[in-house]
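Student: Residue numbers (this note's numbering): -17 to 293.
We put the CB at the ideal spot given by N, CA and C, even for glycine.
Everything numeric in this text was worked out from a predicted model, so none of it was measured.
Okay, handing you the structure first.
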Ligand code: NDP
Ligand code: OXD
């Protein structure tokens, strides 16, 4: 039984060391030095080049090195017999909650305008609306591991929180909407929209001109999910017309964001380099070893992905 790490651009050596520390008996290999393809039972993968996973005929499980699995399912040759497990980790969740809180609070406290004032050496404490947290309506797209944790943290700060998911949910102090009818109701009551959806054919391009028009004028957008959720050409017109007030983007159609991309220099856009939250090998390698052990013992695969749903 061998475990292959296929993560070009990530610190594959670090993952190998962590796996080895958890279970020194594992035969861990780093792609492209896979050895005999028949040996490979498990893969740890992040953005593997399309077609590569198909070359391992005995691959039982692919462990995504992130919460999202769109980077795997985009591969038309993804082996049909392999299951997928994804990262669900308290540190990854905490990192995302911190990111959401940081940027929600930044908008709630009107910080972008204060930054402009500082650059212009203006001292003006009157130009800002007084809004309490319970008057600020936050809408979260996606009420999974990350969306629910963010919702709870925002509720703890007294924000007026609602969320949207595919299936109905009940979450204390969070107004829950679901399905396409529910989306309209969520958007109509949202001052700050946070996207924490998985990227699937149903959610691709969801953040578009038509959706922005359903938000109250001047709403803020925080997209920490995937670049494929946003129709990038629709964003600047929405900001410049005032339909959106500001946007914080951690993820982009093309990453790294190209040098000449208009988002870089736009004063209503905050760009972060897809680091809202980062998988920590020290914590996740242990879970992957436990997952492999579970499968080898005939137990259910933890954090299994439903390939039909795409998340
Ligand atoms: P989960 O799978 O736990 O949650 C997904 C949520 O989205 C669920 O509530 C699900 O609904 C909802 N959803 C899915 N499809 C639809 C749909 N068509 N309509 C309405 N709701 C839908 O995912 P996580 O919370 O763990 O992660 C979310 C995403 O965040 C990841 O897929 C990844 O892309 C991104 N991410 C980004 C990071 C970054 O650094 N920028 C870091 C980590 C993750 P239901 O509950 O009904 O199934
Ligand atoms: C993830 C990510 O999916 O970091 O975990 O984007």
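1) Which ranges does the alpha helix (DSSP H) cover as unbroken runs of at least 4 residues, wholly within the segment 168 to 199, from first to last along the chain?
2) Listed by chain order, which residues have C-beta atoms less than 5 Å from any heavy atom of the ligand OXD?
3) In the DSSP assignment, what are the bridge partners of residue 46?
4) For residue 87, which of 36, 75, 98, 137 has the nearest alpha-carbon?
5) Could one say the Cβ of residue 141 lies closer than 7 Å to chain C's Cβ atoms, at least one of them?
6) Under 7 Å, do residue 208 and residue 181 count as touching if we go by C-beta distance?
7) Among all the DSSP beta bridges, which residues are the ones paired with residue 228?
8) Do residue 259 and residue 71 have their C-beta atoms within less than 7 Å of each other?
9) For the segment 166 to 176 against the segment 44 to 62, do three or more pairs of beta-carbon atoms, one drawn from each stretch, fall closer than 8 Å, so that the two count as touching?
10) CB-CB under 8 Å to residue 220, same chain, minus the five flanking residues each way: which ones, in chain order?
11) Quick one: does the C-beta of residue 124 sit closer than 6 Å to a heavy atom of the ligand NDP?
12) Tell me the rounded alpha-carbon separation between residue 22 and residue 241.
13) What do you get for residue 295, buried or exposed, if any count of 16 or more other CB atoms within 10 angstroms of its CB means buried?
14) Work out the CA separation of residue 60 and residue 254 for me, nearest whole Å.
15) Taking 6 Å as the cut-off, is the beta-carbon of residue 147 closer than that to any non-hydrogen atom of the ligand NDP?
16) Going straight from the alpha carbon of residue -2 to that of residue 27, what length do you get?
17) Are there any heavy atoms of the ligand NDP lying less than 6 Å away from the beta-carbon of residue 259, as far as the coordinates show?
18) Looking only at C-alpha atoms, which of -16, 269, 176 sits nearest to residue 7?
19) By Cβ distance, which residues of its chain are closer than 7 Å to residue 340, with the 5 residues on each side in sequence left out?
20) In the DSSP output, what is residue 53 paired with across the bridge?
21) May I ask you to report which of helix, strand or coil DSSP gives residue 22?
22) According to DSSP, is residue 252 helix, strand or coil?
23) Find the nearest neighbour of residue 39 within the set 12, 189, -14, judged by alpha-carbon distance.
Tutor: Per the coordinate set shown:
1) Taken in chain order, the complete alpha helix (DSSP H) segments of 4 residues or longer contained in the segment 168 to 199 are 191 to 194.
2) Near the ligand OXD, meaning a Cβ closer than 5 Å to any of its heavy atoms, lie the following residues in chain order: 48, 49, 50.
3) Bridge partners of residue 46: 27.
4) When 36, 75, 98, 137 are compared, the shortest CA-CA separation from residue 87 is found for 137.
5) No chain C appears in the structure shown, which is made up of a single protein chain.
6) It is a contact, given that the beta carbons lie within the stated cut-off.
7) Per DSSP, the beta bridge partners of residue 228 are 202.
8) Contact flag unset, no.
9) Contact fails: fewer than three Cβ-Cβ distances are below 8 Å.
10) Closer than 8 Å at Cβ, skipping near neighbours: 191, 194, 226.
11) Yes, the Cβ of residue 124 comes within 6 Å of a heavy atom of the ligand NDP.
12) Note on geometry: alpha-carbon atoms of residue 22 and residue 241 lie some 39 Å from one another.
13) Lying before the first or after the last residue shown, residue 295 is absent from the chain, which here runs from -17 to 293.
14) Straight-line Cα distance between these residues: approximately 30 Å.
15) Residue 147: yes, Cβ under 6 Å from the ligand NDP.
16) Cα-Cα distance, rounded: 12 Å.
17) Checking the Cβ of residue 259 against the ligand NDP gives yes.
18) Checked all of -16, 269, 176; the closest Cα to residue 7 is -16.
19) In the structure as shown, the chain starts at -17 and stops at 293, and residue 340 therefore has no counterpart that could be examined.
20) Under the DSSP definition of a beta bridge, residue 53 lacks any partner.
21) Strand at residue 22.
22) DSSP places residue 252 in strand when its eight states are reduced to three.
23) Considering only 12, 189, -14, the residue with the shortest C-alpha distance to residue 39 is -14.
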